[in-house]
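Shown next, in structure tokens, is the structure this report addresses.
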Amino acid sequence: MEQMVTCICCPVGCRMTVTLNESGEFVSVTGNTCARGANYARQECTAPERMITAVIPVSGSPVPLSVKTEKPVPKALIFEIMKEIRALNVPLPVSIGQVVCPNVLNTGVNIIATRGLS
Ligand code: SF4
Numbered sequence: 369m370e371q372m373v374t375c376i377c378c379p380v381g382c383r384m385t386v387t388l389n390e391s392g393e394f395v396s397v398t399g400n401t402c403a404r405g406a407n408y409a410r411q412e413c414t415a416p417e418r419m420i421t422a423v424i425p426v427s428g429s430p431v432p433l434s435v436k437t438e439k440p441v442p443k444a445l446i447f448e449i450m451k452e453i454r455a456l457n458v459p460l461p462v463s464i465g466q467v468v469c470p471n472v473l474n475t476g477v478n479i480i481a482t483r484g485l486s
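Taken in order, the sequence shown gives residues 369 to 486; the numbers are from the numbering used here.
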């Protein structure tokens with residue numbers, strides 16, 4: 369089975385063809401210009417990940433708080449992680465980079481504030 373993947377690791381945007389076996393395991397990739405692209409293609413076809421960004425209301429602040437995952441998380445968990453983020457109740461003040469949800473859903477990834485609020 370073949371899958372087409374566009375590399376998003378740099379502006380070149382190489383179009384790659386990934387071959388998977390019948391079990392969905394990675395076999396090979398062509399079309400990448402560098403090893404970064406090959407790693408991205410393997411990850412994207414076998415265990416895709418995404419960064420999550422969101423804004424949440426904060427009691428006592430007229431301005432919402434922007435947050436993000438510190439690292440990419442499994443794409444399959446995005447919906448559940450968004451539910452966790454929406455349920456957060458972050459007290460003021462908040463500093464930029466502050467962990468507002470440690471180890472979300474036991475992924476080993478923290479949710480952090482991307483701005484400060486006081
Ligand atoms: S394969 Fe390498 S050169 Fe091509 S888009 Fe990805 S990072 Fe850039």
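Idealized CB from N, CA, C, for every residue including glycine.
Straight-line gap, residue i to residue j (C-alpha atoms, nearest Å)
i, j, result
"Asn474", "Thr482", "21 angstroms"
"Ile449", "Val472", "7 angstroms"
"Lys443", "Pro461", "31 angstroms"
"Cys413", "Phe394", "8 angstroms"
"Ser486", "Val426", "10 angstroms"
"Asn389", "Gln466", "43 angstroms"
"Ile424", "Leu445", "19 angstroms"
Residues bridged to residue i [DSSP beta-bridge criterion]
i, result
"Phe394", "Leu388"
"Thr437", "Ile479"
"Met372", "Thr385"
"Ile424", "Leu433"
"Cys469", "Ile479"
"Pro379", "DSSP output for Pro379 lists no bridge partner at all."
"Leu485", "Val462"
Buried/exposed call for residue i, threshold 16 Cβ in 10 Å
i, result
"Val458", "buried"
"Ile464", "exposed"
"Gly405", "buried"
Contact belief for residue i with residue j at Cβ below 8 angstroms, rounded distance in angstroms
i, j, result
"Val397", "Ala409", "5 angstroms"
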